[in-house]
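**Q** A single structure is presented below for examination.
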């Protein structure tokens with residue numbers, strides 16, 4: 002799970018929603034901690050009106066990561082990731098969100114010890130359609 | 002989610018492990034509560050040395066239930082269920098458990114307002130191979 006240790010701790014985030022024109026922005030808290038003797042990490046994502054949980058685990062048989070997502074709108078989804086490749090950590094999987102199924106891709110990059118960025122995309126016929134960009138800075 | 006309301010609350014459970022000969026027995030606590038504005042139910046399964054979380058949700062597009070499972074040994078899995086059929090509630094899905102992947106089937110029955118039973122099976126070439134039987138009684 003060490004590849005995911007950059008997520009651990011309490012972060013203040015700013016997000017840009019790219020699915021509307023003009024894009025909207027706001028702030029959030031992404032707080033991640035170890036659970037289940039460190040076999041899983043649980044991220045709580047909080048912003049006004051929206052609470053999400055994202056559970057990260059590891060599949061030893063495929064040497065890949067898995068996630069489970071659920072939120073207070075009833076949305077949910079699972080993804081998998083092969084781990085870090087060329088400086089990016091990419092998760093892909095199917096989500097149910099607000100009445101529709103979508104294939105979602107989340108790409109993490111590290112911008113420093115206390116700063117990471119997540120870019121979200123819908124995958125449509127293999128093409129990346131931008132959904133959001135979220136910048137997370139560790140709280141001091 | 003009302004079809005799963007029988008799970009809500011605090012239950013004392015007795016289990017029989019049928020994967021060893023002779024079978025072993027023990028006790029557990031299965032406590033389930035609503036979360037995320039009632040869109041999901043979270044069951045905590047506790048017995049000596051083993052802590053498990055099982056998250057239940059609903060997929061409105063397929064009118065089916067979903068579960069996410071993870072525990073303090075690093076095991077995990079997801080299942081789906083069409084809901085109650087002929088007095089049984091059956092979840093099936095793939096699990097990673099103790100180094101191997103398995104297709105798991107869990108069958109719930111209600112034995113009264115405060116008593117339910119879960120029978121677990123491995124699905125091997127379509128056949129049910131018994132894994133365990135767990136009797137849960139609501140705490141007073």
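Protein chains in written order, with the working numbering: chain A, 2 to 141; chain B, 2 to 141.
For every residue, glycine included, the Cβ atom is placed at its ideal position computed from N, Cα and C.
(1) Indicate whether residue 99 of chain B and residue 78 of chain B have their beta-carbon atoms separated by less than 8 angstroms.
(2) Report the rounded CA-to-CA distance for residue 112 of chain B versus residue 88 of chain B, giving the unit in angstroms.
(3) In chain B, which residues lie less than 7 angstroms from residue 37 of chain A when you measure between Cβ atoms?
(4) So is residue 82 of chain A buried or exposed if we call it buried at 16+ other beta carbons inside 10 Å?
(5) Which value, in whole angstroms, describes the spacing of the CA atoms of residue 122 of chain A and residue 95 of chain A?
(6) Helix, strand or coil: how does DSSP classify residue 129 of chain B here?
(7) If you reduce the DSSP assignment to three classes, tell me which class residue 3 of chain B lands in.
(8) For residue 91 of chain A, count the other beta carbons within 10 Å of its own beta carbon; 16 or more makes it buried, fewer makes it exposed. Which is it?
(9) Any beta carbon from chain B within less than 8 angstroms of residue 62 of chain A's own beta carbon?
(10) Just how far apart, CA to CA, sit residue 5 of chain A and residue 14 of chain B?
(11) Nearest-angstrom Cα distance between residue 30 of chain B and residue 54 of chain B?
(12) Considering only the alpha carbon of each residue, which of B:34, B:141, B:17 lies closest to residue 163 of chain B?
(13) Whose Cβ in chain B lies nearer than 8 angstroms to the Cβ of residue 58 of chain A?
**A** Reading from the atomic positions:
(1) Start at 1 with the first residue of the second chain, and residue 99 of chain B comes out as number 98. Start at 1 with the first residue of the second chain, and residue 78 of chain B comes out as number 77. Contact flag unset, no.
(2) Indexing the second chain from 1 puts residue 112 of chain B at position 111. Indexing the second chain from 1 puts residue 88 of chain B at position 87. Computed Cα separation, rounded: 10 angstroms.
(3) If you number the first chain from 1, residue 37 of chain A lands on position 36. Those within 7 angstroms of residue 37 of chain A in chain B are 52, 71, 72, 73.
(4) Residue mapping note: residue 82 of chain A aligns to position 81 of the first chain, counting from 1. Under this definition residue 82 of chain A is a buried residue.
(5) As a first step, residue 122 of chain A must be located in the first chain, where it is residue number 121. As a first step, residue 95 of chain A must be located in the first chain, where it is residue number 94. Using only the alpha carbons, I get a separation of about 12 angstroms.
(6) Stepping through the second chain from its first residue, residue 129 of chain B is reached at position 128. In the structure shown, residue 129 of chain B sits in a strand (DSSP, three-state: E or B).
(7) In the second chain, the residue the question calls residue 3 of chain B occupies position 2. Three-state result, residue 3 of chain B: helix.
(8) For the purposes of this step, residue 91 of chain A is taken as the residue at position 90 of the first chain. Under this definition residue 91 of chain A is a buried residue.
(9) Taking the first chain and counting its residues from 1, the one referred to as residue 62 of chain A is at position 61. Yes, its Cβ sits closer than 8 angstroms to a Cβ of chain B.
(10) Here residue 5 of chain A refers to the residue found at position 4 when the first chain is read from its first residue. Here residue 14 of chain B refers to the residue found at position 13 when the second chain is read from its first residue. Going from the Cα of residue 5 of chain A to the Cα of residue 14 of chain B covers about 36 angstroms.
(11) Numbered from 1 along the second chain, position 29 holds the residue referred to as residue 30 of chain B. Numbered from 1 along the second chain, position 53 holds the residue referred to as residue 54 of chain B. Approximately 12 angstroms, taken between the alpha carbons.
(12) Since the first residue shown for chain B is 2 and the last is 141, residue 163 of chain B is missing from the structure and cannot be characterised.
(13) As a working mapping, residue 58 of chain A is identified with position 57 in the first chain. Under the 8 angstroms cutoff, chain B gives 71, 75, 77.
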